[in-house]
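See below for the structure under consideration.
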Amino acid sequence: MGERFGRYSKYIIQERALPDIRDGLKPVQRRILYSMNKDGNTFEKGYRKSAKSVGNIMGNFHPHGDSSIYDAMVRMSQDWKNREILVEMHGNNGSMDGDPPAAMRYTEARLSEIAGYLLQDIDKKTVPFTWNFDDTEKEPTVLPAAFPNLLVNGATGISAGYATDIPPHNLAEVIDAVVYMIDHPSAKLDKLMEFLPGPDFPTGGIIQGADEIKKAYEIGKGRVVVRSKTEIEQLKGGKEQIIVTEIPYEVNKAVLVKKIDDVRVNNKVPGISEVRDESDRTGLRISIELKKDADSQTILNYLLKYTDLQVNYNFNMVAIDNFTPRQVGLQKILSSYIAHRRDIIVARSRFDKEKAEKRLHIVEGLIRVLSILDEVIALIRASENKADAKENLKVSYDFSEEQAEAIVTLQLYRLTNTDIVTLENEEAELRDKIAMLTAIIGDDRTMFNVMKRELREIKKTFGNARRSELQAESETIEIDTASLIVEEDTIVSLTRGGYIKRTSLRSFNASSLDELGKRDDDDLVFMAQAKTTQHLLIFTNQGNVIYRPVHELTDIRWKDVGEHLSQTITNLSADEEVLYADILDEFETGVYFAATRLGQIKRFERKEFAPWRTYRTKSVKFAKLKDETDSIVAVAPILLDDVMMVTQNGYALRFNIDEVPIVGAKAAGVKAINLKDGDLLQAAFIANTKSLYILTQRGSLKRMAVEDIPLAKRAGRGLQVLRELKAKPHRVFVAGPVLSENGRAELDLFATEVDNTDQQILQVMSKTGDVTEVNLADLTLSERTSNGSFISDKISDQEVFAAKLK
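Pasting the structure below:
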């Protein structure tokens with residue numbers, strides 16, 4: 072398996088996906104150009120059906136699927152993918168919107184004029200040829216490449232273990248850099264970049280980051296920012312529109328327009344009224360019409376950041392150099408190209424010199440013949456046949472085999488008196504040509520002058536202005552996130568089990584409060600009206616806090632269950648429950664207290680929870696627990712109030728919160744109450760009401776005055792609020808404040824739903840499932856040591872299973 076994969080990898084690295092450093096072509100591209108040139112399908116002749124060209128390429132050189140050949144041919148004809156197209160095509164050859172080209176039976180193609188320069192002199196033994204796949208024909212392993220195609224048209228490809236991304240460049244700039252490097256072989260990169268400052272995409276756009284371009288040209292890897300060219304136009308009525316006239320290289324225009332329209336549809340940034348693609352035959356144009364008074368710069372920044380109006384282009388300049396894939400910089404690419412052209416020019420000159428020398432030899436023979444014409448004619452007439460005539464010429468007049476052949480095949484019209492002048496002129500021209508070719512072969516300076524002259528001619532013929540604008544620094548896009556949020560009123564609800572949602576007022580008002588979607592074993596712990604510009608902090612019984620901007624909550628109907636916090640928060644425990652939540656406008660002010668089951672208490676500041684970087688997936692600590700048995704009993708925002716502690720065994724302690732120091736989020740805090748062995752803190756709350764209620768596990772309920780627990784110091788034992796019994800002693804199940812009329816509206820989660828401020832219903836469920844409701848406001852005050860009254864006849868035997876305030 073390893074051996075087979077190794078052979079396959081070697082093949083697709085060397086002979087499929089990566090371009091050659093010399094001519095910048097992959098094998099399929101080279102075969103397309105060579106085959107079309109061989110068939111005479113060139114720019115000065117008519118177009119020919121693409122299917123015919125593809126068939127010839129497949130039959131002679133490229134034994135793969137016709138689609139792979141045609142796709143490569145089409146790409147070479149697309150002027151938004153190539154800086155200089157190598158194939159001209161009639162018909163539909165695709166579009167920037169990702170539309171597929173017409174089938175090859177419909178389109179016609181021919182080589183472009185500049186492609187001819189890649190193939191120039193290929194018939195002069197300039198490049199090595201190899202047998203094709205069935206050993207019937209020979210094909211070139213590289214093209215002569217009279218211009219540096221690797222840089223001009225770039226390349227993109229993926230092979231085994233290697234990928235390449237070379238951007239297109241401006242032909243004139245590349246040639247200027249090559250000419251400079253011919254004169255200065257050890258040129259520094261900074262100097263070369265004066266001639267070739269950066270890529271030049273066929274789609275234009277703005278390229279930012281001169282340092283990154285330099286790094287890419289140095290080591291072959293780097294990343295630049297490519298952004299669209301945009302302008303803001305004024306419309307009637309004080310409106311504006313953003314006009315996009317150039318988009319980044321290889322961005323699909325239709326997909327880009329769709330993404331921008333999705334921003335409008337989903338209202339991710341307020342102010343876009345319409346998105347239109349107004350491109351036509353004159354050029355690209357995307358119009359983003361804005362609403363009146365919309366902030367055009369904020370919208371443009373958002374689109375640049377979150378759509379493909381701006382993308383990163385990653386240089387990864389990998390090419391095949393001497394049969395090996397290499398990551399190459401600019402100097403290596405240029406020096407390899409110059410070395411290649413040197414070989415081509417020398418080989419071409421040798422071929423031309425040899426041809427000229429052969430012709431000169433024949434011309435010299437013909438000139439000599441004209442001076443002894445009558446004797447030669449007599450000799451030929453006396454000969455038996457052509458071979459005898461040739462032999463007689465060689466013996467009698469010392470002509471060579473080639474000269475004798477030329478003489479005996481001479482046409483009679485060439486024997487006119489004037490022909491001697493033509494031959495003498497030709498002889499002089501041939502001697503000059505041979506001398507020049509000898510100089511090119513033997514002298515590097517002469518050869519390099521020829522190379523520079525030819526490159527400058529191509530620049531003069533095909534050079535054109537730069538399309539992409541270069542900017543030295545890449546701008547960091549800063550967006551005021553608050554300005555992106557569309558302010559609207561919404562209802563936020565949260566259950567103890569961790570299901571959260573925001574509901575539109577329309578959905579909430581269409582349902583009753585009891586129709587809240589939740590699991591049967593779950594309870595609503597928080598509900599409030601909030602604006603999408605506000606923030607939500609969620610505190611759990613494990614000492615963790617979760618942050619959510621209200622606008623990021625999923626909009627779900629009131630009757631649906633909602634989204635569980637564990638769908639986004641990865642460090643949420645299975646048994647973790649929501650204790651408390653708070654809606655806020657800002658994080659600068661505000662203090663909370665938290666009390667734990669093992670009797671610790673702490674104060675901490677809200678500003679510690681200003682959004683952290685990983686808030687979408689991670690919760691952070693707001694209190695440190697002693698051990699696995701510990702948990703948070705209560706969390707609440709505070710001013711300088713008194714707090715009440717009630718333990719399971721019936722001890723209560725009241726002290727001023729000022730005694731509790733403000734500490735960091737990860738601290739454990741200080742002792743709140745001195746617990747007896749086996750006792751636990753059962754309830755903790757702000758004691759800003761006149762009375763409190765206590766429900767025991769046996770279903771006994773009482774209401775007592777807060778003043779019965781005198782203000783004491785923190786960490787005391789407290790006073791008993793239940794009388795100890797030997798048989799079936801009472802233990803505190805739940806305790807809390809009984810809300811006074813003036814405190815009702817302050818503390819109620821949703822005051823608009825409350826009709827009667829004298830209603831505070833405690834709903835108690837026994838272990839057998841019986842439900843009893845008691846209005847706490849109706850209870851009379853009991854003594855501090857009283858055990859209260861049973862809420863029903865059977866409750867003492869059944870015992871309490873659950874209790875909650877309605």
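FYI, the numbering for the sequence shown is 72 to 877, going by the working numbering.
Cβ atoms here follow ideal geometry from the backbone N, Cα and C, with glycine treated the same way.
With at least 16 other beta carbons inside 10 angstroms of its own, D379 counts as buried. Per DSSP, reduced to three states, the secondary structure at K875 is strand. Between the region 192–199 and the region 421–431, the count of Cβ pairs shorter than 8 Å is three or higher; the stretches touch. Between the region 600–613 and the region 651–663 there are three or more inter-stretch CB-CB distances shorter than 8 Å, so the stretches are counted as touching.
For the pair S582 and T566, the Cα-to-Cα distance works out to about 18 Å.
It is roughly 33 Å from the alpha-carbon of K97 to the alpha-carbon of V328.
If the five residues before and after I331 are omitted, its C-beta is found closer than 7 Å to the C-beta atoms of V346, I359, L374, T378, all from its own chain and listed in chain order. If the five residues before and after L847 are omitted, its C-beta is found closer than 6 Å to the C-beta atoms of Y764, V809, Q831, L833, all from its own chain and listed in chain order. With a beta-carbon spacing of about 5 Å, T688 and T641 fall inside the 8 Å limit used to define contacts. Excluding its 5 nearest sequence neighbours in each direction, E679 has C-beta neighbours in its own chain below 6 Å: A736, listed in chain order.
Scanning the region 242–314 for uninterrupted beta strand (DSSP E) segments of 3 residues or longer gives 277–279, 292–298, 300–305, listed from N- to C-terminal end. For H133, the closest alpha carbon among the candidates K120, K152, L104 is that of L104.
In the three-state reduction of the DSSP assignment, P708 falls in the strand class. Counting C-beta pairs closer than 8 Å gives fewer than three between the region 334–342 and the region 158–166, which falls short of the contact rule. L772 is bridged by DSSP to L766, S860. Contact between L710 and M716 is absent: CB atoms are separated by about 18 Å, not below the 8 Å threshold. In the displayed model, R397 falls within a strand according to three-state DSSP. A distance of 8 Å or more separates the beta carbons of V691 and A665.
Counting along the chain, the unbroken alpha helix (DSSP H) around G513 starts and ends at 490–513.
Within the model, the alpha-carbon separation for G568 versus A738 is close to 26 Å.
Inter-segment contact for the region 72–86 and the region 136–154 is absent: fewer than three beta-carbon pairs are separated by less than 8 Å. In chain order, E558, E559, D560, T561, V621 place their CB closer than 8 Å to the CB of K602, counting only its own chain and leaving out the 5 sequence neighbours on each side. The beta carbon of G749 lies closer than 8 Å to those of N720 in the same chain, with the five residues before and after it left out. Distances from the alpha-carbon of V245 to those of L263, S467, G232 put L263 closest. Secondary structure at D236: strand, using DSSP grouped into helix, strand and coil.
Contact annotation, R537 with P273: C-beta distance approximately 11 Å; criterion of less than 8 Å not satisfied. When the Cα atoms are used, V492 and D150 turn out to be separated by approximately 52 Å.
Per DSSP, the beta bridge partners of G228 are T235. Comparing alpha-carbon positions, the option among P268, E473, F76, F204 lying closest to Q542 turns out to be P268. In the structure shown, A365 falls within a coil segment according to DSSP collapsed to helix, strand and coil. If you look at S837, you'll find it isn't in any alpha helix (DSSP H); it sits in the beta strand (DSSP E) that goes 832–837. Residues of the same chain with a CB within less than 7 Å of the CB of K695, apart from the 5 flanking positions on each side, are G614, K737, A738, A739 in chain order. Here G342 is buried, its C-beta having at least 16 other C-beta atoms within 10 Å. The continuous alpha helix (DSSP H) containing K461 extends over residues 457–468.
Here Y373 is not bridged, per DSSP, to any residue. Annotated three-state conformation of Y651 is strand, per DSSP.
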